[in-house]
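What follows is one structure encoded as structure tokens, with my remarks underneath.
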């Protein structure tokens, strides 16, 4: 697909079907790969319900949920990044720039450090603490950035960076208080913790992601108009303030859900939307829906690598996304002239 | 003749001076030269603090870290902060003549600073059970409590042998030790816990994960069909709800047989005398049948 | 007498960030008749840009009323205003990534803001607009490859795609060289004549405004100084007191419209 795609329903549907097939292929392949070395015949047997035992646990309770989690998280991060980039008209914007990732991570670490009333923490779950932290950060960014009823883009970026730095520093302080036993676990979590999560949690994650996706994807057309500048967009009938609030809320929700369930994973939200824009053109109505599947595929590939390349030990998926994503991004930048050069 | 005697006498006076200089080699092979046996020791390592109390040398201990919480009396000692960023001022204010630290927990920057301040540092780095026993002996020599230290080491060795005897000859169950559940972190080659599991008569399923305590694949761990799963808790009050996440894997032998246990991580991750307590706990969980009769502890 | 298309009735506006008492627009009253070309001129900070914002509902008046075809703008939604008023800005932001056709299609948004994709009717309207502005052959071209004059016509096409009743041009000749100024004038005249479009032209180029407009509004300090045909507004005494410099008013040799010459200080 060279050059910009003109937006039309049929073309978008074809693109999404194509991407969907790619995702299904990758997901299918990932089911067969893993450090438990289940022979392919056994995997099929498990899928058709003919075999029970540990293999069933591995394929259905571990690999399958992990694949679904990776797809959800990747899609959520990519859409949050795409939305935020369109909103701020800044290609460097990504979910962690919102400060929300750091807030969520902080929430989790606070819970782990304080072991707050064990019953309460475990019952409500680490996920809820992450969510709370993310919301605090998101609200802080919003409050700091708001000016006279509006949300100017440059203050939003600044506020996001400041809040992010604040929470990162707070995390560092907390880590230094942690005793050595827990330090390793927490540090590993901070690199991203994509693992199989139970069906109830997965359902909650899916629901939160769906809400966030709806908030952002639905605004794709007005986001295109934002490229004209806020004033021109308003003169075309766009309610810019409402648009910013919705996309900000959607991106924040998506990011905090991801951090709550799989820890902070960087790079996906920054790179995947950029790659998609280079390949598919600047129309958000194509890029953002494609990001749902493209982000999922990207993270799933990265995670499949992370859990197989040094089996049975595992790499953090955040390491893979950075190491593999960065060179690919550089290649794209050099191979294709960017769409717009000032 | 008188000059010879005078010279000898002078030499005699001088010799004891150099002979009384206290030189030791620390556990990383560094030579540490002190003017005399240390009387004011700051410990930056919780296991060292524990050991010092065990051998009765706590009078020489003038400073500990926030994490030195065992025995309870250790908390009464002045603290210099955490392991990663202890307060240098705090250390210096205590006027120590020796600081005991570990490269596996304290930072190089701390050592550099202490070197600049010309404070002698004694480094410890126990990795195996043998190292831990050796550390007890060293601390004994360092604090002039060599007898007590040796006695303690002998006692500990006896207990270890007792455990080995009880589990000898029994088939080794496959053991999965969970240092941290999420992400899964386990003991592998060279980790002390792996050695304890082996001594306790178990066969750890994660020894192929690399060195030390790596991040491990959950499916690989479960695919090995562990017969015993031990989850380390990091404070005494860890609730059983963490276990419920593991209890859904009913196909795994350990879960279906109800052999999913929580263990006190402090016993096994602090490389002090309590690792033998930890060993006994592990052995009882791995081979409950071997300890039916109330055994002497 | 046909009712005015635009009515400004004692409109006042102050930016929230300015200090209290600093008004960008003060007690401004004027109207624009349907089909006329109406010019707004005045020195910097006279409130011309603010007036454009008020007419397009980017901001709302703190006092007074603006009426579009009899309806109070305050009661209209943004898309409703955008269906009637189309603003042609000076330029697009740097790095604008879309093609000409994509930009012109954006003008169809106010007609159906709920739609995800544009309809066939939208595409047809966009084609008509591009044709009227003479940019149809450029439709697949990304904007950053166009010259200043071409970009301006593209933005005009976008405004026309809105199918507005009122076209507001904000400094249309700011970045144009002579040839494009002439083309712009021709295009605006044709649109006014053939499409019956009402045009509000905000410009600091007094000659251009005098040439094209049926009536002019001279603003200073947020208030109206004079409204009327070019001959009455372009008057030496009035301009000198408004702009604070000496001018000479003459007649264009061909069109006989007023022209303004700045009297430069002596060397």
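Protein chains in written order, with our numbering: chain A, 1 to 342; chain B, 343 to 639; chain C, 640 to 906. Ideal Cβ placement from N, Cα and C applies to all residues, glycine included. Remember, predicted model here, so these are calculated numbers, not experimental data.
{"Item": "What ranges does the alpha helix (DSSP H) occupy inside the region 187 to 218 of chain A, keeping only unbroken runs of at least 4 residues that lie completely in it?", "Value": "199 to 217"}
{"Item": "Is the beta carbon of residue 76/A sitting closer than 8 Å to the one on residue 103/A?", "Value": "no"}
{"Item": "Going by beta carbon distance, what residues of the same chain come within less than 7 Å of residue 117/A, once the five residues before and after it are set aside?", "Value": "Interpretation of residue 117/A is limited by its pLDDT of 43, a score under 50 that renders its predicted location unreliable; no figure is taken from the coordinates."}
{"Item": "Just the Cα atoms here: how many angstroms apart are residue 502/B and residue 618/B?", "Value": "7 Å"}
{"Item": "Going along chain C, which residues have a C-beta under 9 Å from residue 406/A?", "Value": "Beyond the ends of chain A as shown, which are 1 and 342, falls residue 406/A; an answer cannot be given."}
{"Item": "Whole angstroms are fine: how far does the CA of residue 808/C sit from the CA of residue 907/C?", "Value": "Residue coverage of chain C in this structure runs from 640 to 906, which leaves residue 907/C outside it and unanswerable."}
{"Item": "Taking Cβ-Cβ distances shorter than 8 Å, what residues in chain A pair up with residue 882/C?", "Value": "Here the premise fails: no neighbours, minimum Cβ distance about 27 Å."}
{"Item": "By the DSSP assignment, the alpha helix (DSSP H) with residue 433/B in it spans what residues?", "Value": "430 to 435"}
{"Item": "Beta-carbon separation of residue 99/A and residue 141/A under 8 Å?", "Value": "yes"}
{"Item": "Taking buried to mean at least 16 other C-beta atoms within 10 Å of its own C-beta, is residue 415/B buried or exposed?", "Value": "exposed"}
{"Item": "Between the Cα of residue 143/A and those of 198/A, 83/A and 249/A, spot the shortest distance and give me the residue it belongs to.", "Value": "249/A"}
{"Item": "Less than 8 Å between CB atoms is the rule here; does residue 54/A satisfy it with respect to chain D?", "Value": "Included in the structure are the protein chains A, B and C, with no chain D among them."}
{"Item": "Of all the alpha helix (DSSP H) runs that stay within the bounds of the region 248 to 305 of chain A, which reach a length of 4 or more residues?", "Value": "268 to 280"}
{"Item": "Give the range of the alpha helix (DSSP H) segment to which residue 646/C is assigned.", "Value": "Note, residue 646/C: premise wrong, no alpha helix (DSSP H); beta strand (DSSP E) at 645 to 652."}
{"Item": "By Cβ distance below 7 Å, which residues in the same chain neighbour residue 300/A in space, the five residues on each side in sequence not counted?", "Value": "26, 27, 30, 67, 70, 71 and 74"}
{"Item": "Counting beta carbon pairs with one atom in the region 697 to 707 of chain C and one in the region 864 to 880 of chain C, are three or more of them shorter than 8 Å?", "Value": "no"}
{"Item": "Helix, strand or coil for residue 579/B per DSSP?", "Value": "Model confidence at residue 579/B stands at a pLDDT of 44, short of 50, so the residue's coordinates are unreliable; what they give is reported in the following sentence. Correct three-state label for residue 579/B: coil."}
{"Item": "On the criterion of 16 or more Cβ atoms from any shown chain inside 10 Å, does residue 389/B qualify as buried, or is it exposed?", "Value": "buried"}
{"Item": "Taking buried to mean at least 16 other C-beta atoms within 10 Å of its own C-beta, is residue 41/A buried or exposed?", "Value": "exposed"}
{"Item": "If the cut-off is 8 Å on Cβ atoms, which residues from the region 677 to 704 of chain C count as contacting chain A, listed in chain order?", "Value": "692, 695, 696 and 697"}
{"Item": "What whole-angstrom Cβ distance do residue 311/A and residue 320/A have, given they're in contact under 8 Å?", "Value": "About 14 Å; that fails the 8 Å criterion."}
{"Item": "Could you work out which residue in 593/B, 620/B and 614/B is closest to residue 573/B when comparing CA atoms only?", "Value": "620/B"}
{"Item": "Which value, in whole angstroms, describes the spacing of the CA atoms of residue 742/C and residue 827/C?", "Value": "20 Å"}
{"Item": "Using a Cβ-Cβ cut-off of 7 Å (strictly less than) and excluding sequence neighbours within five positions of residue 820/C, which residues of its own chain qualify?", "Value": "812 and 847"}
{"Item": "For residue 871/C, which option in 861/C, 884/C, 852/C and 883/C has the closest C-alpha, if you only look at C-alpha atoms?", "Value": "852/C"}
{"Item": "Which residues of the region 264 to 291 of chain A have a Cβ closer than 9 Å to any Cβ of chain C? Give them in chain order.", "Value": "277, 281, 282, 283 and 285"}
{"Item": "Could you tell me whether any Cβ in chain A is nearer than 8 Å to the Cβ of residue 721/C?", "Value": "yes"}
{"Item": "Where does residue 369/B fall in DSSP's three states?", "Value": "coil"}
{"Item": "Do residue 432/B and residue 407/B have their C-beta atoms closer together than 8 Å?", "Value": "no"}
{"Item": "Can you list, in chain order, the residues of its chain whose CB lies under 8 Å from that of residue 559/B, leaving out five sequence neighbours each side?", "Value": "526"}
{"Item": "Using beta carbons (cut-off 8 Å, strictly below), is residue 119/A in contact with chain C?", "Value": "Bear in mind that the predicted position of residue 119/A carries a pLDDT of just 47, short of 50, making it unreliable; the figure below should be weighed with that in mind. No, because no Cβ of chain C sits closer than 8 Å to the Cβ of residue 119/A."}
{"Item": "Please give me, in chain order, every unbroken run of the beta strand (DSSP E) with length at least 3 that falls completely inside the region 364 to 419 of chain B.", "Value": "364 to 367, 373 to 376, 383 to 385 and 403 to 405"}
{"Item": "Within the 8 Å Cβ cut-off, does residue 368/B reach chain A?", "Value": "no"}
{"Item": "Does DSSP classify residue 610/B as helix, strand or coil?", "Value": "helix"}
{"Item": "Please return the same chain residues whose Cβ sits closer than 6 Å to the Cβ of residue 373/A, not counting the five positions on each side in sequence.", "Value": "No answer is possible for residue 373/A: the residues shown for chain A start at 1 and end at 342."}
{"Item": "Measure from the alpha carbon of residue 226/A to the alpha carbon of each residue in 706/C, 693/C, 737/C and 695/C, then state which is nearest.", "Value": "737/C"}
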